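Enquirer: Here's a structure for you.
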């Protein structure tokens, strides 16, 4: 599913650049300043309990959705343009050097569009990988992963439409009351949910979407289309000159398919070994997410520099980066759970997702763990409940 997501975003953004002439910002450094070293045994001292390098495998090229992770990279970062990865000192709050390094690897085209869980099992040097809780269910038997930090509270995935073509629509359910074609990538589990619940009709969904905006633009917005709240609405209005106006949308999460997207996970069997490290590392990651959301400028500068240096066809503008953070705040895509804590998991929500997806994945012949439960997918054991967005 994530390959479909990111391919859509890649193709859409490339088309936007071709039409609008947008270019990525050029940064020379991370914008970070050197901070103090963590004292031995302190909460920020990772040297005695963690691998010397924490390797994080992302699910796509650098982008602001990954901002909390890139916030962990200290000054003087080393960029490997050939391997599409960046490394440096892993820093905690106020730039404190934790005594270990971090290496963040691009996903998507950099790993042949491999699923991150599969990549983690193929390359055991990876400490943490990005994944969705629905994927964790689908691969719970063959490549089990355990989420330790929910980078996003809500998925940014949407179905979007043109308000001038469909002035009465307020939700995905309104689309389902018509026969309007809905473009999406074939195989997406959320669409099986929407059609299975009768929110959309099976006859109206079209899995031929290739990520390009051409069909949506050519139809004058008469079709509906999948997208991401952190990207397409801004891109269509500001960077696709052939469109150049707002779209409306509803989050898939608000239509009932409420999965955790971009949760950071370990290989399930390594929990005991990594537990002393995770006890200190996960709160540092929580705080980094908070700090990025409150002040994203220097991290977005690094992200844009990486996009330029990697030079693999992916483009990302300053406008898209800035808008991404704005939308993540406004829509609660990054935010606290039902409490005042960022990055924790709701067991009831996970259990509900299992109930939703098990018949979907069974029909797709996914080899799931027979009795998969919420505790198999994610844990709050390492979360610091005192850390959250204010």
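Residue numbers (the numbering used here): 597 to 986.
The C-beta atom is built at its ideal place from N, Cα and C for all residues, glycine as well.
Being a predicted model, the structure only gives us computed values, none of them experimental.
If we ignore side chains and look at the alpha-carbon of each, how far apart do residue 810 and residue 902 end up?
Expert: So the two alpha carbons sit approximately 29 Å from each other.
Enquirer: By DSSP, does residue 826 sit in helix, in strand, or in coil?
Expert: Here residue 826 sits in coil by DSSP.
Enquirer: Measuring only the C-alpha atoms, how far is residue 728 from residue 839?
Expert: Whole-angstrom Cα-Cα distance: 31 Å.
Enquirer: Reducing DSSP to helix, strand and coil, say where residue 804 ends up.
Expert: Residue 804: strand per DSSP, three-state reduction.
Enquirer: Could you give the distance in angstroms between the alpha-carbon of residue 796 and the alpha-carbon of residue 682?
Expert: Spanning the two alpha carbons is a distance of roughly 42 Å.
Enquirer: So, with DSSP's three-state summary, where would you put residue 974?
Expert: Reduced to three states, the DSSP call for residue 974 is strand.
Enquirer: Going by alpha carbons, who is nearest to residue 657 out of 817, 700, 672?
Expert: When each option's Cα is compared against that of residue 657, the closest is 700.
Enquirer: Using the C-alpha atoms, what's the distance from residue 917 back to residue 897?
Expert: Each residue's Cα considered, the two are about 9 Å apart.
Enquirer: Using DSSP's beta-bridge definition, name the partner residues of residue 754.
Expert: Answer is 823, 847, bridged to residue 754.
Enquirer: What beta strand (DSSP E) runs, 3 residues minimum, are completely inside the segment 719-748?
Expert: The qualifying runs are 724-727, 741-746.
Enquirer: Alpha carbons only, please: which of 816, 718, 743, 731 is nearest the one belonging to residue 756?
Expert: Residue 756 has its Cα closest to that of 816, out of 816, 718, 743, 731.
Enquirer: Would you call the CB atoms of residue 825 and residue 923 closer than 7 Å?
Expert: Yes, the Cβ-Cβ distance between residue 825 and residue 923 is below 7 Å.
Enquirer: Would you list the residues sitting across from residue 932 in a DSSP beta bridge?
Expert: For residue 932, which the question treats as bridged, DSSP gives the partners 938.
Enquirer: How long is the line joining the alpha carbons of residue 631 and residue 747, rounded to whole angstroms?
Expert: C-alpha separation (whole angstroms): 25 Å.
Enquirer: Between which two residues does the beta strand (DSSP E) holding residue 676 run?
Expert: Note, residue 676: beta strand (DSSP E), 674-676.
Enquirer: From which residue to which residue does the beta strand (DSSP E) around residue 649 run?
Expert: Element bounds for residue 649: 649-653.
Enquirer: May I have the straight-line CA-CA distance separating residue 642 from residue 837, to the nearest angstrom?
Expert: In a straight line, the C-alpha of residue 642 is about 49 Å away from that of residue 837.
Enquirer: Which same chain residues end up closer than 8 Å to residue 798 when comparing Cβ atoms and leaving out the 5 residues on each side of it in sequence?
Expert: 791.
Enquirer: In terms of residues, what are the limits of the alpha helix (DSSP H) holding residue 911?
Expert: No alpha helix (DSSP H) holds residue 911; DSSP gives it neither H nor E.
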